[in-house]
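Novice: Residue numbers (the working numbering), protein chains in the order written: chain X, 31 to 284; chain W, 31 to 284. Just so you know, even glycine gets a beta-carbon here, dropped at the ideal spot from N, CA and C. Small disclaimer: the values here were computed from a predicted structure and weren't measured. Got a structure for you, questions after.
There are 2 protein chains.
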Amino acid sequence: MILITNDDSVHAKGIKVLTTIAREFGDVVVVAPETNSSGLSQSLTMSRPLRVRKILEQEGLHIYACDGTPTDCVKLGSQHFCPRKPNLILSGINHGSNSSINILYSGTMGAVIEATANGFDAIGFSLLNHSTDADFTPGIPYIKEIIAKVLQHGLPDDVSLNVNIPDLPAEELKGIRVCREAKAAWTDSFEERHDPAGRPYWWLTGEFVCNDKDPNTDEGALCQGYVSVVPVHPDYTCFEAIPTIKELFNTSER
Amino acid sequence: MILITNDDSVHAKGIKVLTTIAREFGDVVVVAPETNSSGLSQSLTMSRPLRVRKILEQEGLHIYACDGTPTDCVKLGSQHFCPRKPNLILSGINHGSNSSINILYSGTMGAVIEATANGFDAIGFSLLNHSTDADFTPGIPYIKEIIAKVLQHGLPDDVSLNVNIPDLPAEELKGIRVCREAKAAWTDSFEERHDPAGRPYWWLTGEFVCNDKDPNTDEGALCQGYVSVVPVHPDYTCFEAIPTIKELFNTSER
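Below you can see the structure in the form of structure tokens.
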């Protein structure tokens, strides 16, 4: 049994493609946001309860829309809408990149991190094309291969996969490269506008800037035409900084 | 110049205490959510613009409420509401723990991760007491010490601090311990209720379960009465899993 969610909403083309692929591997339950939930990171709904709307219930395929976040969908979906414990949780296929620092804001990858933190094997898939009618076809063989290998061998404890697919024709995709997240940043800026009453408001805008094009990063791999696979874990600890920070507070353990 | 935000809202007691502390170190700009934004992780507001309401503008202290997320507050605050680049970004003092896995959901720590990803030194402070009138007094000397040391020495690139403070009287606080995040999980469950029309809805509930009480974890330190300081970085890559995942896909780089 495979549970699927995303952040572009249950109505997005990407989740429909992923659902069709996943059906080849077994029963599928989809619990995904009713509306676009991009940029929601790993946020939780705590101040109000969740509603769920049944979209399809047929042999081997159940689809539900939830008015919560992608992380809510993983929690509620795995506990209340899967008839048995899923052996894999998938998220995507996201319309747009979740490479590098984008993983931090991504609802799609928030759902994956959530799944891992709850002990599930999980994979997030993203295509480097934001358009609603993006062509997911060239990446399908890679997605199938990755799902098959994870179902067969499992993932290490606490590890999930962040998979990004270049927006290229099939013949230009060069294969899979396992790599690390690239270091990058958004040079955010805000566009200030004024409403008819003259009061200001600010629209988020910005540009993704990545100077870390090492071939062993996701950005480097994607630039070279490879599907990037980054093993990720739900732990922000910067282990290599522990000695430095211990030194900073070395007189403090009283 | 210090920029301060949080997720409990600009009206919370914790951010007022932190603002008073920070004023001892220089000019302060507060840009914090207008309403409670707990559990918002590092989410961004992309589908609507942001509004900002001036609360206080006096010599050395400017306070604004923003209708966005804590991460929005860091972006907008550092770019539009600080007269010069802040040399430190603080978040908190959170009403409730952000130790271990709680960092993933925390809007307070989402703001800190955001600040780090944008090149700022940043620290998140949390007290292990959820109540709105929690007593932050015992932790104040530790908060001052940590801010002073970070202002004096700086933090390593890409590293911020997740500081949690036990809810204990001053004489029972034993000092500062630099450590890693504990592995833990929420045993989430959902309480199903029915509205007057008989339709179901689900409230998130759950229990925090941590069996990783190694003294070198935040949970272990906090249990022993220490203020926990975890160096964190905005990178989810699980480096030690890269060889295993490479082996899983070893035939794939075509």
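First and last residue of the beta strand (DSSP E) that includes D197 of chain X?
Specialist: Against the first sequence, residue 197 of chain X aligns to sequence position 167. Here D197 of chain X belongs to no beta strand (DSSP E), and DSSP marks it neither H nor E.
Novice: Per DSSP, what kind of secondary structure is C209 of chain W in: helix, strand or coil?
Specialist: Along the second sequence, read from residue 1 onward, the residue named residue 209 of chain W stands at position 179. Coil.
Novice: Just how far apart, CA to CA, sit K46 of chain W and Y231 of chain X?
Specialist: Along the second sequence, read from residue 1 onward, the residue named residue 46 of chain W stands at position 16. Along the first sequence, read from residue 1 onward, the residue named residue 231 of chain X stands at position 201. K46 of chain W and Y231 of chain X: Cα-Cα distance of roughly 26 Å.
Novice: Which residue from W:I170, W:F155, W:V61 and W:A215 puts its Cα closest to that of Y94 of chain W?
Specialist: Numbered from its first residue, the second sequence carries residue 94 of chain W at position 64. Residue W:V61 is the option with its Cα nearest to Y94 of chain W.
Novice: In this structure, does DSSP put I131 of chain W in helix, strand or coil?
Specialist: Position 101 of the second sequence holds residue 131 of chain W. Looking at I131 of chain W - three-state DSSP - the assignment turns out to be coil, as it is neither helix nor strand.
Novice: Taking the alpha-carbon of K204 of chain X as reference, which of X:P196, X:S108 and X:R210 has the nearest alpha-carbon?
Specialist: The count along the first sequence starts at 1 and reaches residue 204 of chain X at position 174. Residue X:P196 is the option with its Cα nearest to K204 of chain X.
Novice: For a contact defined as C-beta to C-beta under 7 Å, what are the partners of L278 of chain X on chain W?
Specialist: Here residue 278 of chain X refers to the residue found at position 248 when the first sequence is read from its first residue. The contacting residues are K179 and H183.
Novice: How many whole angstroms separate the CB atoms of T138 of chain X and N246 of chain X, which I take to be in contact at a CB cut-off of 8 Å?
Specialist: Locating residue 138 of chain X in the first sequence gives position 108, counting from the first residue. Locating residue 246 of chain X in the first sequence gives position 216, counting from the first residue. Contact flag wrong, Cβ pair sits at about 23 Å.
Novice: Do I153 of chain W and S121 of chain W have their C-beta atoms closer together than 9 Å?
Specialist: Sequence index remark: in the second sequence, residue 153 of chain W carries index 123 (1-based). Sequence index remark: in the second sequence, residue 121 of chain W carries index 91 (1-based). Yes.
Novice: At a cut of 8 Å, does the segment 260–275 of chain X reach the segment 70–80 of chain W through at least three beta carbon pairs?
Specialist: These segments do not touch.
Novice: S108 of chain X: buried (16+ other C-beta within 10 angstroms of its C-beta) or exposed?
Specialist: For the purposes of this step, residue 108 of chain X is taken as residue 78 along the first sequence, with counting starting at 1. Under this definition S108 of chain X is a buried residue.
Novice: Which residue or residues does DSSP assign as beta-bridge partners of K84 of chain W?
Specialist: Residue numbering aside, residue 84 of chain W sits at position 54 when the second sequence is read from its first letter. W:Y94.
Novice: If we define contact as Cβ-Cβ less than 9 Å, is V61 of chain W a contact residue for chain X?
Specialist: Translated into the one-based positions of the second sequence, residue 61 of chain W becomes position 31. Chain X contact via Cβ: absent.
Novice: Using only alpha-carbon positions, find the residue among X:T50, X:I34, X:I32 and X:N117 that is nearest to I170 of chain X.
Specialist: Working through the first sequence from its first residue, we reach residue 170 of chain X at position 140. If we check each option's Cα against that of I170 of chain X, X:T50 comes out closest.
Novice: In three-state terms, what does DSSP make of L234 of chain W?
Specialist: Counted from its first residue, the second sequence places residue 234 of chain W at position 204. Note: L234 of chain W maps to strand in three-state DSSP.
Novice: Indicate whether at least one CB of chain X lies closer than 9 Å to the CB of H263 of chain W.
Specialist: Along the second sequence, one-based indexing puts residue 263 of chain W at 233. Yes - at least one Cβ of chain X is within 9 Å of the one on H263 of chain W.
Novice: Could you pull out every residue in the same chain whose Cβ sits closer than 6 Å to the Cβ of D313 of chain X, ignoring the five residues on either side in sequence?
Specialist: No information on residue 313 of chain X is available, as it lies outside the stretch 31 to 284 that chain X covers here.
Novice: Assign T267 of chain W to buried or exposed, taking buried as 16 or more other Cβ atoms, counted over all protein chains shown, within 10 Å of its Cβ.
Specialist: Numbered from 1 along the second sequence, position 237 holds the residue referred to as residue 267 of chain W. It is buried - the Cβ of T267 of chain W has at least 16 other Cβ atoms within 10 Å.
Novice: Select from W:V58, W:L80 and W:P100 the residue whose C-alpha is nearest the C-alpha of H92 of chain W.
Specialist: By 1-based counting over the second sequence, the position of residue 92 of chain W is 62. For H92 of chain W, the nearest C-alpha among the options comes from W:V58.
Novice: What does N148 of chain X reach in chain W if we use C-beta pairs closer than 7 Å?
Specialist: Your numbering for residue 148 of chain X matches position 118 in the first sequence. Simply A215.
Novice: Using a Cβ cut-off of 7 Å, pull out every chain X residue sitting near T50 of chain W, in sequence order please.
Specialist: Sequence index remark: in the second sequence, residue 50 of chain W carries index 20 (1-based). What T50 of chain W touches in chain X: nothing, since even the nearest Cβ is about 22 Å away.
Novice: Along chain X, which residues have their Cβ under 9 Å away from the Cβ of G140 of chain W?
Specialist: Translated into positions along the second sequence, residue 140 of chain W becomes position 110. The contacting residues are S71, Q72, S73 and L134.
Novice: Secondary structure at D218 of chain W, three-state DSSP: helix, strand or coil?
Specialist: Along the second sequence, one-based indexing puts residue 218 of chain W at 188. DSSP places D218 of chain W in strand when its eight states are reduced to three.
Novice: From X:K84, X:V208, X:N124 and X:L191, pick the residue whose C-alpha is nearest to that of L39 of chain X; which is it?
Specialist: The residue you call residue 39 of chain X lines up with position 9 of the first sequence. Going by the sequence as given, residue 39 of chain X is Ser instead of Leu. The candidate whose alpha carbon is nearest that of S39 of chain X is X:N124.
Novice: Just tell me which of W:V262, W:F279 and W:D248 has its CA closest to the CA of Y256 of chain W.
Specialist: Locating residue 256 of chain W in the second sequence gives position 226, counting from the first residue. For Y256 of chain W, the nearest C-alpha among the options comes from W:D248.
Novice: Suppose only complete runs of 4+ residues qualify. What are the alpha helix (DSSP H) ranges in the segment 33–80 of chain W, listed by chain order?
Specialist: Runs of the alpha helix (DSSP H) inside the segment 33–80 of chain W: 43–53.
Novice: List the residues of chain X whose Cβ lies closer than 8 Å to the Cβ of P245 of chain W, in chain order.
Specialist: Numbered from its first residue, the second sequence carries residue 245 of chain W at position 215. Per Cβ cutoff of 8 Å: no residues; P245 of chain W is ~11 Å from chain X at best.
Novice: Looking only at DSSP bridge pairs, what is H224 of chain W linked to?
Specialist: Within the second sequence, the letter at position 194 stands for residue 224 of chain W. In DSSP, H224 of chain W forms a bridge with W:P230.
Novice: Where R284 of chain X and Y172 of chain X are concerned, what is the direct C-alpha to C-alpha distance, given to the nearest angstrom?
Specialist: As a position in the first sequence, residue 284 of chain X is number 254, starting the count at 1. As a position in the first sequence, residue 172 of chain X is number 142, starting the count at 1. Its pLDDT being 46, under 50, R284 of chain X is placed unreliably by the model, and the measurement read from it follows with that caveat. So the two alpha carbons sit approximately 55 Å from each other.
Novice: For E202 of chain W, does the count of other Cβ atoms within 10 angstroms reach 16, so buried, or fall short, so exposed?
Specialist: Within the second sequence, residue 202 of chain W is the residue found at index 172, counting from 1. Classification for E202 of chain W: exposed.
Novice: Can you confirm whether G122 of chain X, when its beta carbon is compared against all beta carbons of chain W, has any partner nearer than 9 Å?
Specialist: One-based indexing of the first sequence puts residue 122 of chain X at position 92. So, not an interface residue.
Novice: Quick one: is K115 of chain W buried, meaning 16 or more other Cβ sit within 10 Å of its Cβ, or exposed?
Specialist: Here residue 115 of chain W refers to the residue found at position 85 of the second sequence. Exposed, by the Cβ-count rule.
Novice: May I have the straight-line CA-CA distance separating L185 of chain W from D151 of chain W, to the nearest angstrom?
Specialist: Within the second sequence, numbered from 1, the residue matching residue 185 of chain W stands at position 155. Within the second sequence, numbered from 1, the residue matching residue 151 of chain W stands at position 121. Computed Cα separation, rounded: 6 Å.
Novice: What's the call for N192 of chain W, buried or exposed, on a 16-neighbour Cβ count within 10 Å?
Specialist: Start at 1 with the first residue of the second sequence, and residue 192 of chain W comes out as number 162. Flag for N192 of chain W reads buried.
Novice: Quick check on the DSSP output: the beta strand (DSSP E) that includes H125 of chain X runs from which residue to which?
Specialist: If you number the first sequence from 1, residue 125 of chain X lands on position 95. First-last of the beta strand (DSSP E) with H125 of chain X: L118 to H125.
Novice: With a threshold of 9 Å between beta carbons, is R284 of chain X in contact with chain W?
Specialist: Position 254 of the first sequence, counting from 1, holds the residue named residue 284 of chain X. With a pLDDT of 46 at R284 of chain X, under the threshold of 50, the predicted position of this residue should be treated as unreliable, though the coordinate-derived value follows. Chain W, which has a Cβ nearer than 9 Å to the Cβ of R284 of chain X, makes this yes.
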